[in-house]
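So the sequences go chain by chain: U and D. For the first sequence, my numbering assigns the number 504 to the last residue and increments by one with no breaks. For the second sequence, my numbering assigns the number 286 to the last residue and increments by one with no breaks. Ideal placement from N, C-alpha and C gives every residue a C-beta, glycine not left out. Encoded as structure tokens, the structure appears first; notes follow it.
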Amino acid sequence: MLGQHHMLAPREDSMDDRIPTIITYEQYFEEMPCYLSVHGRDFRIIDANRRVRTDFGERIIGDFCYRVYKQREDVCENCPVEMTFTDGKSHSNEQLLLTRHGKQRHVLVHTTPFCCDEGGNIVSVMEMLTVIDEFKRLQNLLQRSQEHFAQLFEEVPCYISVQGQDLMIRNANRRFRETFGPAVGNYCYKVYKHREEPCLVCAARLTLEDGQCRSTEEVVTSAAGERINVLATTAPIFNSEGKPEAVIEMSADITEIRQLQSQLTSIGLLVGSISHGIKGLLMGLDGGIYLVNSGFASDDRARIERGWEMVQRNVDRIRSMVMDILYYAKDRELSLVDVNPAELFADLENGLQKKASDIDTELTIDVAPDAGTFAGDAMAVRAVLLNIVENSLDACRADRRKDQHFVRVNVGREPPFMTFDVEDNGIGMDRETREKIFSLFFTSKGIKGTGLGLFIANKIVGKHGGRIDVSSEPQRGSRFLVRFPLEARPSVPLVDEPSACEQ
Amino acid sequence: MVDDDRDTAFYLSVLLEDKGYEVRAAEDEVEALSQLEEFPADTVIMDVLMPGRSGLDLLVKLRSSPRWSNLMVIVVTGNDRVLEDYGKSYLSFHKGIRGPDAVLGKPVDAEALLRLLDT
Numbered sequence: 002m003l004g005q006h007h008m009l010a011p012r013e014d015s016m017d018d019r020i021p022t023i024i025t026y027e028q029y030f031e032e033m034p035c036y037l038s039v040h041g042r043d044f045r046i047i048d049a050n051r052r053v054r055t056d057f058g059e060r061i062i063g064d065f066c067y068r069v070y071k072q073r074e075d076v077c078e079n080c081p082v083e084m085t086f087t088d089g090k091s092h093s094n095e096q097l098l099l100t101r102h103g104k105q106r107h108v109l110v111h112t113t114p115f116c117c118d119e120g121g122n123i124v125s126v127m128e129m130l131t132v133i134d135e136f137k138r139l140q141n142l143l144q145r146s147q148e149h150f151a152q153l154f155e156e157v158p159c160y161i162s163v164q165g166q167d168l169m170i171r172n173a174n175r176r177f178r179e180t181f182g183p184a185v186g187n188y189c190y191k192v193y194k195h196r197e198e199p200c201l202v203c204a205a206r207l208t209l210e211d212g213q214c215r216s217t218e219e220v221v222t223s224a225a226g227e228r229i230n231v232l233a234t235t236a237p238i239f240n241s242e243g244k245p246e247a248v249i250e251m252s253a254d255i256t257e258i259r260q261l262q263s264q265l266t267s268i269g270l271l272v273g274s275i276s277h278g279i280k281g282l283l284m285g286l287d288g289g290i291y292l293v294n295s296g297f298a299s300d301d302r303a304r305i306e307r308g309w310e311m312v313q314r315n316v317d318r319i320r321s322m323v324m325d326i327l328y329y330a331k332d333r334e335l336s337l338v339d340v341n342p343a344e345l346f347a348d349l350e351n352g353l354q355k356k357a358s359d360i361d362t363e364l365t366i367d368v369a370p371d372a373g374t375f376a377g378d379a380m381a382v383r384a385v386l387l388n389i390v391e392n393s394l395d396a397c398r399a400d401r402r403k404d405q406h407f408v409r410v411n412v413g414r415e416p417p418f419m420t421f422d423v424e425d426n427g428i429g430m431d432r433e434t435r436e437k438i439f440s441l442f443f444t445s446k447g448i449k450g451t452g453l454g455l456f457i458a459n460k461i462v463g464k465h466g467g468r469i470d471v472s473s474e475p476q477r478g479s480r481f482l483v484r485f486p487l488e489a490r491p492s493v494p495l496v497d498e499p500s501a502c503e504q
Numbered sequence: 168m169v170d171d172d173r174d175t176a177f178y179l180s181v182l183l184e185d186k187g188y189e190v191r192a193a194e195d196e197v198e199a200l201s202q203l204e205e206f207p208a209d210t211v212i213m214d215v216l217m218p219g220r221s222g223l224d225l226l227v228k229l230r231s232s233p234r235w236s237n238l239m240v241i242v243v244t245g246n247d248r249v250l251e252d253y254g255k256s257y258l259s260f261h262k263g264i265r266g267p268d269a270v271l272g273k274p275v276d277a278e279a280l281l282r283l284l285d286t
């Protein structure tokens, strides 16, 4: 039996005479690079190899395996030796051992029935235990890595999605799901572009084909219908053969940056543009002040009056300029109320009539008795009308060919609109000017200002869902027809689409 | 004084008359030239951008005519570029034309203008 040397005859199939003739299986048992032990039904160790004795003690033969291996006083749960004794089959599982030096060892345990008695009952079970400490360590590391990356993936404040060859989303992070809705299993072009087919230029597809990273700027749509500007970067995920099998897409939200950029550019343009107008204004103020002061000094009443009038006129211009700039700097949403044109003009009439008489222009404002009211933002509508009537007055002032000037304002109700018809016989505009008047910072020399007034007026009318039609002839005069819808209309005007048309 | 802005023209005229100068005001190039026929001006003060023809056009006309080529010309402008290069970039199209004698930015510094005229 075991524990004794066996002298075996040299193997008949050995080809080399120099192979040692004494080969004992005991040596195999002893030298196996793992723990080997044989256990009886009572869990006592019948035999154990050198490694076991080295790590668990010399005097373990006959001791309980659970005490030797684990320093326990009772049988372990899911003991594979016990299972093998019970069903006669091999078993394996993982266990944690404690060496005699107090070190922990993770092991993979395999058990197999060893010896049977004459009745076929298993008498002993052999147990092989392989140390898997390193394996366990790597396993833990891998798991922690995976958890770490999963967290990164989920929590990064970008939209991340992984698409397969068919552009179906396989994985999406939290931010993506929160913004675009349930994503996995849906096509990317459907989920964030709301398209029925792939985009014409698809960075993801290109990356899947050539394995190159790409950055593109896109406009995507959230589940709530909001448009978002993103900078999207695609990177390939390679399979084990080194071919791209999926693509990861990471998108950073740059909507706010683009808006700020657009505003900054505009403000830059604005500053450049108004500087000219402001210089003229300051000149007017300097002049008025000089006239007033020298008028007081020489007791020249006429001069004082002329000077003071200049000051007032230029202060008014500054006021409109500042209001234009402030409005421009902060684009507000409309707050709709019932606007009554008759009341509105009653309010504005005094100021406008004074301006008109200063420049010998006849101003008539006629609101039809049945005009009623319309839905509008009171302050914004007021700004529009003021701007257009003042423009007409300026046109009359700039025109030196005619003696008699007039500006006629007619307000009427023409469903579905409230119409404001402003006609003048001022300097008029040529076609080129007419086409440019609603663009940003356009200002012709005859009309002094920021170049914002008509642009803003146009925007306001557009926001209401209305329109401005212009007709004009150089030297003859101009006519502005402004229409506001009677009922509130939701409008989403694009930045570059003016609501003004030529007639 | 050539300026289409009536306020500016009035202000500067009054200012200069108060100091003892005789001033005629014109609103554009045509009027300016017709007034020069009758009024023996020593100096022309002109704005740069006016409807019709640019003020620098008037400058070119003055410099090319034997009668007025020696008039002192002061340009008053709100345009940064003209202020910086003395109208050279505009005048580069005209060979051999002497630029303005002085360029003042708007709003005009009254003291500076008076100093120029004193010389």
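What residues in its chain sit with their C-beta under 8 Å from that of residue i, if we drop five residues either side in the sequence?
i	result
U:Q166	L209, E246, A247
D:A199	V169, A193, V211, M213, L225
U:I62	I46, I47, D48, A49
Less than 7 Å between C-beta atoms, sequence neighbours within five positions excluded: which residues of the same chain meet that for residue i?
i	result
D:L283	I241, A269
U:C203	none
U:R228	V220, T222
U:T256	I229, N230
U:I319	L282
D:V190	M168, S180, L183, E184
U:P114	T85, G89, I123, V126
U:Y70	F57, L98
U:A381	L335, I461
Whose C-alpha, out of the options, is nearest the C-alpha of residue i?
i	options	result
U:A225	U:E198, U:P183, U:L261, U:R477	U:P183
U:N315	D:M168, D:D174, D:S231	D:D174
U:R176	U:E250, U:K104, U:E148	U:E250
U:Q533	U:L97, U:D88, U:T55	Nothing in the structure corresponds to residue 533 of chain U, since chain U is present only between 2 and 504.
U:V272	U:Y29, U:P417, U:Y291, U:M322	U:M322
U:Q476	U:R68, U:A253, U:R398	U:R398
U:R383	U:L207, U:I238, U:H406, U:L335	U:L335
U:D431	U:F407, U:A396, U:N411, U:D422	U:A396
U:N172	U:N411, U:V368, U:T180, U:I161	U:I161
U:E510	U:L386, U:T362, U:G212	Given that chain U is displayed from residue 2 to residue 504, the structure contains no residue 510 of chain U and the question cannot be resolved.
U:E363	U:C214, U:G413, U:G427	U:G427
U:E436	U:P417, U:D422, U:F456	U:F456
U:I133	U:R106, U:G121, U:E148, U:N141	U:R106
U:T55	U:H102, U:V340, U:R42, U:L353	U:H102
U:H40	U:R52, U:F65, U:R51, U:E59	U:F65
Could you name the residues of the same chain whose beta carbon sits closer than 6 Å to that of residue i, not counting the 5 residues immediately before and after it, in chain order?
i	result
U:P499	Below a pLDDT of 50, predicted positions are generally treated as unreliable, and U:P499, at 38, falls in that range; the measurement from the model is reported next regardless. For U:P499, where only same-chain residues beyond five positions count, the Cβ hits under 6 Å are F439, N459.
U:V293	I305, G308, W309
U:Q164	I170, C189, A205, V248
U:C502	Residue placement at U:C502 is flagged as unreliable, the pLDDT there being 42, under the threshold of 50; a coordinate-derived value is accordingly withheld.
U:R409	T365, E424
U:V496	Per-residue confidence for U:V496 stands at a pLDDT of 36, beneath the threshold of 50, marking its modelled position as unreliable; the derived number appears in the next sentence. The answer is none, since no qualifying residue turns up.
U:Q504	Note that U:Q504 scores a pLDDT of 36, beneath 50, so its modelled location is shaky; the value from the coordinates is reported in the next line. For U:Q504, where only same-chain residues beyond five positions count, the Cβ hits under 6 Å are D470, S472.
Report buried or exposed for residue i, applying the criterion of at least 16 other Cβ atoms within 10 angstroms of its Cβ.
i	result
U:S479	buried
U:S473	buried
U:A298	exposed
U:V76	exposed
D:M183	It should be noted that the sequence gives Leu, not Met, for residue 183 of chain D. Buried, because 16 or more other Cβ atoms sit within 10 Å of the Cβ of D:L183.
U:Q313	exposed
D:E194	buried
U:V483	buried
U:S355	Correcting the residue identity first, residue 355 of chain U is Lys in this sequence and not Ser. The residue in question, U:K355, is exposed, as its Cβ has fewer than 16 Cβ neighbours within 10 Å.
U:R490	exposed
D:V197	exposed
U:E197	exposed
U:Y36	buried
If residue i and residue j are in contact, beta carbons under 8 Å, what's the gap, nearest whole angstrom?
i	j	result
D:M168	D:D209	Not confirmed; about 12 Å, so no contact.
U:L487	U:A376	7 Å
U:P342	U:M419	7 Å
U:T1	U:V82	Since the first and last residues shown for chain U are 2 and 504, residue 1 of chain U lies out of range.
U:D462	U:F485	Note on identity: in this sequence residue 462 of chain U is Val, with Asp being the wrong assignment. With 8 Å as the limit, U:V462 and U:F485 qualify as a contact, their Cβ atoms being about 7 Å apart.
List, in chain order, every chain B residue whose beta-carbon is nearer than 7 Å to that of residue i.
i	result
U:M322	The structure shown contains no chain B; its protein chains are U and D.
Any heavy atom of the ligand FAD closer than 7 Å to the CB of residue i?
i	result
U:A347	For the structure depicted, the ligand FAD is absent and the ligand set is empty, with no information on it obtainable.
Counting only runs of 3+ residues fully inside the stretch 45 to 110 of chain U, write out the beta strand (DSSP E) ranges in chain order. 46 to 49, 92 to 99
For the stretch 315 to 403 of chain U, which segments carrying the alpha helix (DSSP H) assignment without a break, of at least 4 residues, lie completely within its bounds, in sequence order? 342 to 359, 379 to 399
What are the start and end residues of each continuous alpha helix (DSSP H) run of 4 or more residues lying completely inside the stretch 170 to 219 of chain D, in chain order? 173 to 185, 196 to 205
Fully enclosed by the stretch 187 to 214 of chain U, which alpha helix (DSSP H) runs are 4 residues long or longer? 189 to 194, 204 to 211
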